[in-house]
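Engineer:
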Amino acid sequence: MNIYDTINQLAAELKETSEYKDLQASYEKLSQNEEAFKLFKEVNSIQKDLQAKQMSGQELTQEDMAKANELGQQMEKTEEIVDLMSKEQSMQQLFQDINSAVSKSMDELYHDLNN
Numbered sequence: 000m001n002i003y004d005t006i007n008q009l010a011a012e013l014k015e016t017s018e019y020k021d022l023q024a025s026y027e028k029l030s031q032n033e034e035a036f037k038l039f040k041e042v043n044s045i046q047k048d049l050q051a052k053q054m055s056g057q058e059l060t061q062e063d064m065a066k067a068n069e070l071g072q073q074m075e076k077t078e079e080i081v082d083l084m085s086k087e088q089s090m091q092q093l094f095q096d097i098n099s100a101v102s103k104s105m106d107e108l109y110h111d112l113n114n
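All letters in the sequence shown, in the order written, are residues 0 to 114 by numbering that gives the first Met the number 0.
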């Protein structure tokens with residue numbers, strides 16, 4: 000079996016997990032609330048802009064930080080976004096578990112260095 004076949008199978012199986020299904024349901028609920036979804040998209044856009052600035056070596060301005068903080072506070076008050084973020088954390092934990100399992104082979108290879 001090709002390792003990429005296994006990866007593709009894992010990707011398909013991830014979509015069947017309760018973590019993924021919960022995240023998907025939470026996203027659908029968020030997208031049905033026009034105001035919350037608009038805020039979510041705005042935050043996503045600003046995060047991308049700030050990340051692009053940082054990647055290009057530009058310093059973030061006070062205005063950038065103030066806008067990000069303001070939006071962050073609005074997000075914390077929006078139930079649908081808070082729920083989505085919680086579901087994302089569950090999915091991230093699943094990814095960490097997968098990464099740990101996959102990385103175990105490297106750890107075993109270098110076992111002698113760790114003792």
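Using N, Cα and C, we set each Cβ at its ideal position, and we do this for glycine too.
Assuming K86 contacts L22 (C-beta within less than 8 Å), just tell me the rounded distance between them.
Structural biologist: Taking the sequence shown and counting its residues from 1, the one referred to as residue 86 is at position 87. Taking the sequence shown and counting its residues from 1, the one referred to as residue 22 is at position 23. That belief holds up - the Cβ atoms of K86 and L22 are roughly 4 Å apart, short of 8 Å.
Engineer: Across the segment 3-19 and the segment 90-103, are there enough close Cβ pairs to call them in contact, namely three or more that are closer than 8 Å?
Structural biologist: Contact holds: three or more Cβ-Cβ distances are below 8 Å.
Engineer: From the DSSP output, in three-state form, read off G71 for me.
Structural biologist: Within the sequence shown, residue 71 is the residue found at index 72, counting from 1. The answer is helix: DSSP assigns G71 an H, G or I state.
Engineer: Apart from the five residues just before and just after L108, which ones in its own chain have a Cβ nearer than 7 Å to its Cβ?
Structural biologist: Position 109 of the sequence shown, counted from the start, is the residue given in the question as residue 108. So the list is empty, once near-sequence residues are dropped.
Engineer: Relative to the C-alpha of S30, which residue among A67, E78, K47, L70 is closest?
Structural biologist: Along the sequence shown, read from residue 1 onward, the residue named residue 30 stands at position 31. The shortest Cα separation from S30 among A67, E78, K47, L70 belongs to E78.
Engineer: Does A65 pass the burial test, meaning 16 or more other C-beta atoms within 10 Å, or should it be called exposed?
Structural biologist: Within the sequence shown, residue 65 is the residue found at index 66, counting from 1. Exposed.
Engineer: By a C-beta neighbour count over all protein chains shown, 10 Å radius and 16 as the cutoff for buried, is S25 buried or exposed?
Structural biologist: If you number the sequence shown from 1, residue 25 lands on position 26. Under this definition S25 is a buried residue.
Engineer: If you run the structure through DSSP and keep just helix, strand and coil, what is K76?
Structural biologist: Position 77 of the sequence shown holds residue 76. In the structure shown, K76 sits in coil (DSSP, three-state: anything other than H, G, I, E or B).
Engineer: Given a threshold of 16 other Cβ atoms within 10 Å of its Cβ, counted over all protein chains shown, does A35 qualify as buried or as exposed?
Structural biologist: The residue labelled residue 35 in the question sits at position 36 within the sequence shown. The residue is buried, with at least 16 neighbouring Cβ atoms inside 10 Å.
Engineer: I need the DSSP call for Y109, collapsed to helix, strand or coil.
Structural biologist: For the purposes of this step, residue 109 is taken as the residue at position 110 of the sequence shown. Here Y109 sits in coil by DSSP.
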